[in-house]
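Peer 1:
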Amino acid sequence: MKLNRLLLISLFSLTIFFTSYSLDNYINKIEFQIYSLNNKQYTNKSFNNIVILHFGNLESNIFIFDFLKLSNFAKTKKYNFDYLPILYNNKDEIEQFKSTYHVDTNIFIDKKDTLKTNIPLQLLPTTYVLDQNGSIIFQYTGALDIDLLDKNLTSLDNFKNGGM
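Residue numbers for the sequence shown follow our numbering, so the first one is 62 and each next one is one higher.
(1) What does the Cβ neighbour count give for D153, buried or exposed, with the cut at 16 atoms within 10 Å?
(2) Between N110 and N141, how many whole angstroms is the CB-CB distance? I'm expecting something under 8 Å.
(3) What is the residue span of the alpha helix (DSSP H) that F142 lies within?
(4) Buried or exposed: which applies to N105, given that a residue is buried once 16 or more other Cβ atoms fall within 10 Å of its Cβ?
(5) Whose C-beta lies closer than 7 Å to the C-beta of T175 among residues of the same chain, with five residues either side of it excluded?
(6) DSSP three-state call for I197: helix, strand or coil?
(7) Kindly give me the distance between the Cβ atoms of Y144 and I113, rounded to whole angstroms, as I take these residues to be in contact under 8 Å.
(8) Would you grab the beta carbon distance between S97 and P186 for me? Rounded to a whole angstrom, and I think it's under 8 Å.
Written out as structure tokens, the structure is:
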């Protein structure tokens, strides 16, 4: 029993170490090329605001729940950011999802896997918040805490305005 705990703790520690180590290699200038469902191409230069990249697939109830919450949060226009949900599903599945949930948020596809190669995606869902230069500001793995995202964006706004 103690050996199992020790192995789990060691595995968890190594995972955190390598995740943080690999993020150091990706901090500056995330460049990407994504496609809308109507096949329009977007790059990181297409967006002037903070970008929230939200990766997931429709087999994940966590992603669906977070997607719906984050879509509503984006509509409040409380902060200047572009919400870019990126799904790893085919177009028909995404269209069915949009129809079922009456979704009007644009959904994107990483058709050429540029994001998979430029950002360390180890688990879905994962959310990255990028500044206007493409640098990672925040990362959330797993279920998204909208309150924490709100607090982080508030702190970022306060910092940009000269205070904390």
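Positions of the beta carbon are idealized from the N, C-alpha and C atoms, including for glycine.
Peer 2: In terms of the structure at hand:
(1) Taking the sequence shown and counting its residues from 1, the one referred to as residue 153 is at position 92. Counting the other CB atoms within 10 Å of its CB gives D153 a total below 16, which places it among the exposed residues.
(2) Walking along the sequence shown from the start, residue 110 turns up at place 49. Walking along the sequence shown from the start, residue 141 turns up at place 80. Confirmed, Cβ separation roughly 5 Å.
(3) Within the sequence shown, the letter at position 81 stands for residue 142. Run containing F142: none in the alpha helix (DSSP H); it sits in the beta strand (DSSP E), F142 to L148.
(4) Position 44 of the sequence shown, counted from the first residue, corresponds to residue 105. Around the CB of N105, 16 or more other CB atoms lie within 10 Å, so the residue is classed as buried.
(5) In the sequence shown, residue 175 corresponds to position 114, counting from 1. Here the set comprises F93 and Q94.
(6) The residue you call residue 197 lines up with position 136 of the sequence shown. In this structure, I197 counts as strand in the three-state DSSP scheme.
(7) Here the question's residue 144 lines up with position 83 in the sequence shown. Here the question's residue 113 lines up with position 52 in the sequence shown. Distance from Y144 to I113 at the Cβ level is roughly 5 Å; contact confirmed, criterion being Cβ atoms closer than 8 Å.
(8) Your numbering for residue 97 matches position 36 in the sequence shown. Your numbering for residue 186 matches position 125 in the sequence shown. The Cβ separation is near 20 Å, so there is no contact.
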